[in-house]
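**Q** For the sequence shown, the positions run 15 to 130 when the numbering used here is used.
Every residue, glycine too, gets a C-beta built ideally from N, C-alpha and C.
Only a predicted model underlies this, so the values are computations on that prediction, with no experimental measurement involved.
Let me begin by handing over the structure; questions about it come next.
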Amino acid sequence: MSVAAVSFALAVLTWLAWLLVRPRLLMTGMYPIVAEVFVLVLGALWFAALLAGVLATVLGLLGGARRYGGDLARKGALLGGLTVVVALAGTVAFTVNPGVSPLYPAGRPLNSILRE
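See the structure below:
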């Protein structure tokens with residue numbers, strides 16, 4: 015249960031940082047190297063949360079979530095599964111170009127900030 019709770023918090027906080035800070039870093043263009051490093055660190059955190067979510071799910075299932083009806087094991091497995099979904103959505107958001115949107119009016123890719 016504790017692995018699932020920590021990995022879920024990591025995945026959600028990474029999403030918050032991605033949605034709040036990343037558009038400002040990319041739009042201002044003041045610190046292109048800092049923006050690049052920040053986005054890469056967030057991507058690494060999503061991959062770490064994804065692995066921790068899978069670990070929490072496996073440990074919850076091995077801890078008796080199916081057989082014995084253990085409440086903590088079942089909650090840990092379910093929260094680990096939710097963490098996998100949230101972190102998987104984050105890894106997809108990290109690997110896909112944002113395209114044209116209100117936050118990115120020019121739809122510029124991440125590597126274009128290095129060319130400026």
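(1) R36 by DSSP, collapsed to three states: which one?
(2) Indicate the three-state DSSP secondary structure (helix, strand or coil) for R88 in the structure shown.
(3) Considering Cα atoms alone, identify which of A25, D85 and L92 is closest to A107.
(4) Let me make sure I understand the geometry here. Which of A103, S16, D85 and R36 has the alpha-carbon closest to that of L54?
(5) So, with DSSP's three-state summary, where would you put V110?
(6) Could you tell me the alpha carbon to alpha carbon distance between V17 and L92, rounded to whole angstroms?
(7) When the distance is taken between beta carbons, is T109 closer than 8 Å to S21?
(8) Just the C-alpha distance for G74 and G57, rounded to the nearest angstrom, thanks.
(9) Would you call the CB atoms of W29 and V99 closer than 8 Å?
(10) Would G90 and G67 qualify as a contact pair, given that the criterion is a beta-carbon distance under 8 Å?
**A** Considering the structure as presented:
(1) Taking the sequence shown and counting its residues from 1, one reaches residue 36 at position 22. Helix at R36.
(2) Locating residue 88 in the sequence shown gives position 74, counting from the first residue. Note: R88 maps to helix in three-state DSSP.
(3) Position 93 of the sequence shown, counted from the first residue, corresponds to residue 107. Measuring from the Cα of A107, the nearest candidate turns out to be A25.
(4) Position 40 of the sequence shown, counting from 1, holds the residue named residue 54. It is R36 whose Cα lies nearest to the Cα of L54.
(5) Along the sequence shown, one-based indexing puts residue 110 at 96. V110 falls in the coil class under three-state DSSP.
(6) Reading the sequence shown from its first residue, position 3 is the one you call residue 17. Reading the sequence shown from its first residue, position 78 is the one you call residue 92. For V17 and L92, the distance between alpha carbons rounds to 12 Å.
(7) Along the sequence shown, one-based indexing puts residue 21 at 7. Along the sequence shown, one-based indexing puts residue 109 at 95. No, these two residues do not count as a Cβ contact at 8 Å.
(8) The sequence position of residue 74 within the sequence shown is 60, counting from 1. The sequence position of residue 57 within the sequence shown is 43, counting from 1. In a straight line, the C-alpha of G74 is about 26 Å away from that of G57.
(9) Here residue 29 corresponds to residue number 15 of the sequence shown, with the count starting at 1. Here residue 99 corresponds to residue number 85 of the sequence shown, with the count starting at 1. Against a cut-off of 8 Å, the Cβ pair of V99 and W29 comes out as no contact.
(10) Indexing the sequence shown from 1 puts residue 90 at position 76. Indexing the sequence shown from 1 puts residue 67 at position 53. No. Outside cutoff.
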